[in-house]
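Undergrad:
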Amino acid sequence: MDERLNNNLKALQAEVEFHRQNQTLVDQEIKNLIADNQKLSQQVGVLLKEKLQFAQQSLDNDQREELEELKKQVNLLTKERDSLHVLWQTSQKTIDALDIELKAYQNYDDGHGKQNSNDKRDLEYKLDTALSDYVELEAKYKKIHSELNHIEKVLKDKDKDIIHYKEKCDALETEVENLKRSLDEYKINLTAERKSRDDIKAQLLLSQKDCVDKIKREAEAKTKVAEALQLFDVVTTQKNEAYKKIAEITEELDSLKQNVCQIERKAEASYRKEVDELKQNYNEKVTDMLRHIRNLDAELVEKGLLLNKTMRWCKQKNDMSSVDPKLALAEQRLEAMFQELVCSERRNIQVVCEKQCLVMDIQRIQDVHTRERKRWEWEGNLMKTQIEELKLQVDHLQKSLNESHEMITKLQSVLSSRTELNQKMVSTKEEELIELNKHLENQMELNKKWKESYIDMTEKLKQRLCSLQRENKELKLQLNIPQLSSPSTSNGS
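Taking this note's numbering, the leading residue of the sequence shown gets 133, the next gets one more, and so forth.
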């Protein structure tokens with residue numbers, strides 16, 4: 133099992149390292165693609181900005197110059213038209229005044245007759261000069277009118293050119309808006325690609341984290357399996373030691389029980405012997421003491437009787453005569469007998485004390501026996517409790533062994549499921565890597581197409597700008613012709 137697990141772990145570690153290497157390569161390719169995309173986007177932005185600035189500057193400059201020139205021409209033409217109109221009005225007024233004077237002169241000639249010839253000549257001269265002035269004014273008026281018509285035509289043409297330029301400006305603005313829209317679309321595509329790149333990075337990081345977590349879990353599972361095996365070995369050793377201890381303790385208990393039984397028997401035998409001996413000695417001493425006490429009582433009674441007799445006799449003697457030497461001897465004897473009685477009482481007290489000492493010894497022996505017996509009972513109960521505790525420990529160890537067996541089976545099942553899951557995850561990761569490679573290939577193709585389309589668009593824009601510049605130059609050349617003719621007419625006038 134250990135060899136298989138080690139082989140499986142080595143294979144998994146090799147696959148994980150292979151996947152890590154592939155992931156590093158994929159990360160490098162993604163970073164390169166991102167850098168290329170950023171460079172392309174920067175180049176596109178710079179080129180578009182330059183083109184827009186150039187187009188706007190050129191269009192603005194050209195349009196401003198043309199508009200200023202057109203405004204100047206229009207102002208000059210309006211001034212010329214106003215001056216001509218004033219001249220025409222003055223000439224018309226002079227003509228009307230001359231007509232009125234002619235009519236007045238004609239009426240005057242008809243009503244009053246002929247005046248002097250000098251006045252007539254003066255009037256004719258005035259008429260001739262007025263007619264010549266009138267003819268010149270009519271010629272100038274016709275000339276100015278033709279110039280006005282020509283200028284109006286030029287203005288109409290220039291208005292048409294302005295409308296055409298406005299349409300071209302609108303078309304250019306629409307093209308600029310379309311370019312801006314395409315730029316926005318390209319920016320959106322770039323943001324989408326960046327988001328997809330970020331998502332791919334996040335997925336790669338998650339996959340790396342999952343691989344690290346799986347490796348950690350596998351290591352933890354291995355450590356747990358090793359710990360479980362160690363626990364199993366420890367539990368088996370503890371079980372064997374417990375069985376050995378139980379056997380030793382049972383042997384010790386049997387030996388202790390035998391020793392306790394022997395000690396109890398010996399103690400009972402010795403106690404019975406001692407008690408019997410004490411009883412015999414006590415009975416003998418008691419009988420001796422009782423005999424001695426009876427003898428002493430008899431002696432006391434006899435001596436009491438003798439004392440009474442002697443006392444009576446002494447009283448009689450005292451009553452009858454003085455003290456006799458025999459009475460002194462009798463008193464001495466009485467004192468001796470009294471001392472013997474006192475000694476006998478002391479002996480009696482000693483016997484009672486010895487009796488009490490024997491009773492105390494018997495009680496002490498009984499207390500010692502009861503203590504020993506209680507101690508033996510306590511030791512027996514303690515051994516029983518130890519036996520029960522050892523049995524409980526054995527049961528607990530058996531349960532822990534069963535639990536460890538169950539844990540080992542569960543861990544084996546978990547390891548098998550984990551290996552299956554790892555294989556599935558490896559297969560899924562391989563599929564994801566294949567999909568990512570396909571996605572990267574598609575992104576590369578899209579980037580190539582985008583570059584090609586961008587190059588085509590730039591070329592088209594360059595061609596369009598060149599054509600617009602040519603048209604602007606042609607229009608400028610066309611507009612410069614009437615500008616040169618207009619000041620000549622103004623000088624002639």
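Glycine included, each C-beta is placed from N, C-alpha and C at the ideal position.
Can the beta-carbon of residue 550 be found less than 8 Å from the beta-carbon of residue 350?
TA: yes
Undergrad: Taking only the alpha-carbon atoms, compute the straight-line gap between residue 385 and residue 501 and give it to the nearest angstrom.
TA: 22 Å
Undergrad: Beta carbon of residue 374, beta carbon of residue 524: below 8 Å?
TA: no
Undergrad: By the 10 Å Cβ neighbour count, where 16 or more other Cβ atoms means buried, how is residue 536 classified, buried or exposed?
TA: buried
Undergrad: Can you grab the Cα-Cα spacing for the pair residue 521 / residue 370, in whole Å?
TA: 15 Å
Undergrad: Could you pull out every residue in the same chain whose Cβ sits closer than 8 Å to the Cβ of residue 377, ignoring the five residues on either side in sequence?
TA: 522
Undergrad: Check whether the Cβ atoms of residue 356 and residue 543 sit closer than 8 Å, and answer yes or no.
TA: yes
Undergrad: Measure how close the beta-carbons of residue 568 and residue 332 come, nearest whole angstrom, since I'm counting them as under 8 Å.
TA: 6 Å
Undergrad: Should residue 366 and residue 533 be called a contact, given that it needs their Cβ atoms to be closer than 8 Å?
TA: Against a cut-off of 8 Å, the Cβ pair of residue 533 and residue 366 comes out as no contact.
Undergrad: Can residue 204 be considered in contact with the ligand GTP, in the sense that its beta carbon sits closer than 7 Å to one or more heavy atoms?
TA: Only the bare structure without any ligand can be found here, which leaves the ligand GTP out of the picture.
Undergrad: Looking at residue 410 and residue 481, is the spacing between their C-beta atoms short of 8 Å?
TA: no
Undergrad: Going by alpha carbons, who is nearest to residue 541 out of 585, 559 and 361?
TA: 361
Undergrad: Can you tell which of 307, 274, 284 and 270 has its C-alpha closest to the C-alpha of residue 596?
TA: 307
Undergrad: Around the Cβ of residue 587, are there at least 16 other Cβ atoms within 10 angstroms (buried) or fewer (exposed)?
TA: exposed
Undergrad: Under 8 Å between the Cβ atoms of residue 553 and residue 353?
TA: Result no, Cβ atoms of residue 553 and residue 353 do not sit closer than 8 Å.
Undergrad: Do you know how far the Cα of residue 560 is from the Cα of residue 343?
TA: 12 Å
Undergrad: Assuming residue 518 and residue 381 make a contact with CB atoms under 8 Å, what is their CB distance in whole Å?
TA: So it is a contact: roughly 7 Å between Cβ atoms.
Undergrad: For residue 526, which residues from the same chain have a beta carbon less than 8 Å from its beta carbon, with the 5 sequence-adjacent residues on both sides left out?
TA: 371, 374, 375 and 378
Undergrad: Going by C-alpha to C-alpha distance, which of 555, 538 and 563 sits closest to residue 363?
TA: 538
Undergrad: Please classify residue 286 as buried or exposed, where buried requires at least 16 other C-beta atoms within 10 Å of its C-beta.
TA: buried
Undergrad: Keeping to the same chain, check which residues put their C-beta closer than 7 Å to that of residue 339; ignore five residues upstream and five downstream.
TA: 561
Undergrad: What's the gap between the Cα of residue 472 and the Cα of residue 508?
TA: 53 Å
Undergrad: Taking only the alpha-carbon atoms, compute the straight-line gap between residue 683 and residue 345 and give it to the nearest angstrom.
TA: This structure does not reach residue 683, given that the chain is present from 133 up to 625, and the question cannot be answered.
Undergrad: Thinking residue 466 and residue 442 are a contact (beta carbons under 8 Å), I'd like their distance in whole angstroms, please.
TA: 6 Å
Undergrad: Rank 387, 401, 478 and 267 by C-alpha distance to the C-alpha of residue 421 and give the top, closest one.
TA: 478
Undergrad: So, are the CB atoms of residue 575 and residue 200 less than 8 Å apart?
TA: no
Undergrad: Give the straight-line distance between the Cα atoms of residue 295 and residue 316, rounded to the nearest whole angstrom.
TA: For residue 295 and residue 316, the distance between alpha carbons rounds to 30 Å.
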